[in-house]
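Let me begin by presenting the structure, written as C-alpha cells, before commenting on it.
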Ligand code: AMP
Ligand code: TRP
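Residue numbers (the working numbering): 1 to 327.
Next up, the structure:
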C-alpha cells in the first residue's frame, strides 16, 4: 500500500470549503492508502497566536475530523508536537536548505509583504520543517492545496540532496494537488474562495456555525439576474457554487440537479441547499459534541503519537548516523 500524508495547521475555524475540498477527500482516500494526518501545531506558531486559541483550534480540528468520518483504525492521526522527530529532522533539513531557495518561496514573500512587523525566522524556515514532516514517513503522496506545491517541490529537492550527499535515505514524494475536491466560493463574493480568514462571516459557513444561521446564509447568498439554474461558473458563479455544495453534500451529480430545476427559480434551489447544509451541520455537530464529551480525542492522539514516533524515530536514528551525530 502506498503512503499518503498531510498536515493541517490549527490556525482557524474549519469551513464548509475545508470539508468539501479537503476533509471529505481524506476520508475517501483512507481505504486505499496507508494514511498519516497530523495537526501541524509547530507550524501554527510561525505567526502570533494565543495559547488558548491554539488549544481550542487543535481540539476542535481533531474532533471535527473524527466527526466527519476519519477513522483512527485506518489513519494515523497525531499532534506534530508529540513526535520529537519532526523538530530534530527539521533542524537537519534547515541546515541543508539554502537561504536563497527559502527566499524564493512565494508564500513567505506574500505573507511577509502583507505583515509589516513581527515576521519571525520560523515563518522563513518553515518549509524545511514541512519537508521533515513528509520525509520522516516516506510518504509517496502529499495532498495539498495549490499554494503548498512549491513546498513539496522543495521537499523533493531536499530529499534528493540528502540522498546524494549521504546515501539513499528518503523516498522522494509527489504532491497531489487537491483539484478532485471541488473548490467552494464565498457566498457573498463568489469570485473568491470561501476562507476561514474571511472577515465577512455572511459569506463563510463554519462547520461549527449554528445550523439555522448557516441556512440563512445560503438563503442570502449572492446569485445573478439570469434566473436559470445551470452550472456556468464563468457567468453564474453564485448559482454554480450552490450547485457544487449541493452536489458534494448529497452525492447527486450536478447534471441531475439542474435537470430537476428546469423552469424553477433560485428561491427553490436556495431552500434545498439550505436544508441540506442544515442537516449536514446538525449531524456533524451531534457527532462532534459526543466526541468532545467522550474523551476519545486524547486516546486517538496517544495511539497516533505512539505509532508515528516509532516510524519517525527510526528515520531520525538513520539520519543522525549518516550526518555524524552518532559516534
Ligand atoms: P486552509 O484552510 O487554506 O489552510 O486549507 C486547508 C485545506 O482545505 C486545503 O487542502 C485547502 O485546499 C482546502 N480548502 C480551503 N478552503 C477551501 C475552499 N473554499 N474550497 C475547497 N477547498 C478548500
Ligand atoms: N504548510 C501546510 C499549510 O500551511 C501545512 C503542513 C505542514 C503540511 N506540514 C505539512 C501539509 C506536511 C502537508 C504535508 O497548509
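For glycine and all other residues, C-beta sits at the position ideal for the given N, C-alpha and C.
Looking at C-alpha atoms only, which residue of the options is the closest neighbour of residue i?
i, options, result
"residue 120", "255, 43 and 226", "43"
"residue 37", "1, 57 and 66", "66"
"residue 31", "52, 74 and 272", "74"
"residue 13", "201, 230, 83 and 76", "201"
"residue 253", "182, 220 and 304", "182"
"residue 324", "48, 167 and 115", "167"
"residue 214", "233, 245 and 236", "245"
Under 6 Å: does the beta carbon of residue i sit that close to some heavy atom of the ligand AMP?
i, result
"residue 340", "Because the chain is modelled from 1 through 327, residue 340 falls outside the range shown and cannot be assessed."
"residue 44", "no"
"residue 307", "no"
"residue 194", "yes"
"residue 134", "no"
"residue 183", "yes"
"residue 17", "yes"
"residue 238", "no"
"residue 21", "yes"
Beta carbon of residue i: closer than 6 Å to some heavy atom of the ligand TRP?
i, result
"residue 130", "yes"
"residue 77", "no"
"residue 144", "yes"
"residue 6", "yes"
Based on DSSP bridge pairs, tell me the residues matched to residue i.
i, result
"residue 7", "38"
"residue 15", "206"
"residue 320", "Answer is none; residue 320 lacks a bridge partner."
"residue 152", "BP columns for residue 152 are empty, so no partner."
"residue 143", "176"
7 Å is my cut-off, CB to CB: does residue i come that close to chain D?
i, result
"residue 37", "Here there is only one protein chain, and chain D is not present."
Report yes if the C-beta of residue i is less than 6 Å from at least one heavy atom of the ligand SAM; otherwise report no.
i, result
"residue 40", "Absence of the ligand SAM from the depicted structure is noted, with the ligand AMP and the ligand TRP being the only ligands included."
task = Specify whether the region 107-115 and the region 67-74 touch according to this definition: at least 3 beta carbon pairs, one from each stretch, less than 8 Å apart.
result = no
task = Report the residue ranges of all alpha helix (DSSP H) runs contained in full by the region 161-221; include only those spanning at least 4 residues, in chain order.
result = 211-219
inquiry  = If contact is defined by three or more beta carbon pairs under 8 Å, each pair taking one atom from either stretch, is the region 272-289 in contact with the region 195-214?
reply    = yes
key: Stretch-stretch touch, CB-based, cutoff 8 Å, three pairs: the region 117-135 with the region 290-299   = no
message = Please give me, in chain order, every unbroken run of the alpha helix (DSSP H) with length at least 4 that falls completely inside the region 254-288.
response = 254-260
ask   = Could you give the uninterrupted runs of the alpha helix (DSSP H) lying entirely in the region 47-95, keeping only those of 4 residues or more?
value = 51-68 and 85-94
query = Are the region 305-313 and the region 149-163 touching by the rule of at least three beta carbon pairs closer than 8 Å?
reply = no
request  = Determine, using beta-carbon pairs with one atom in the region 256-274 and one in the region 213-232, whether at least three such pairs fall under 8 Å.
outcome  = yes
task = Check whether the region 215-227 touches the region 46-59, taking contact to mean three or more Cβ pairs, one atom from each stretch, closer than 8 Å.
result = no
task = Would you check if there are 3 or more beta carbon pairs closer than 8 Å linking the region 87-104 to the region 123-130?
result = yes
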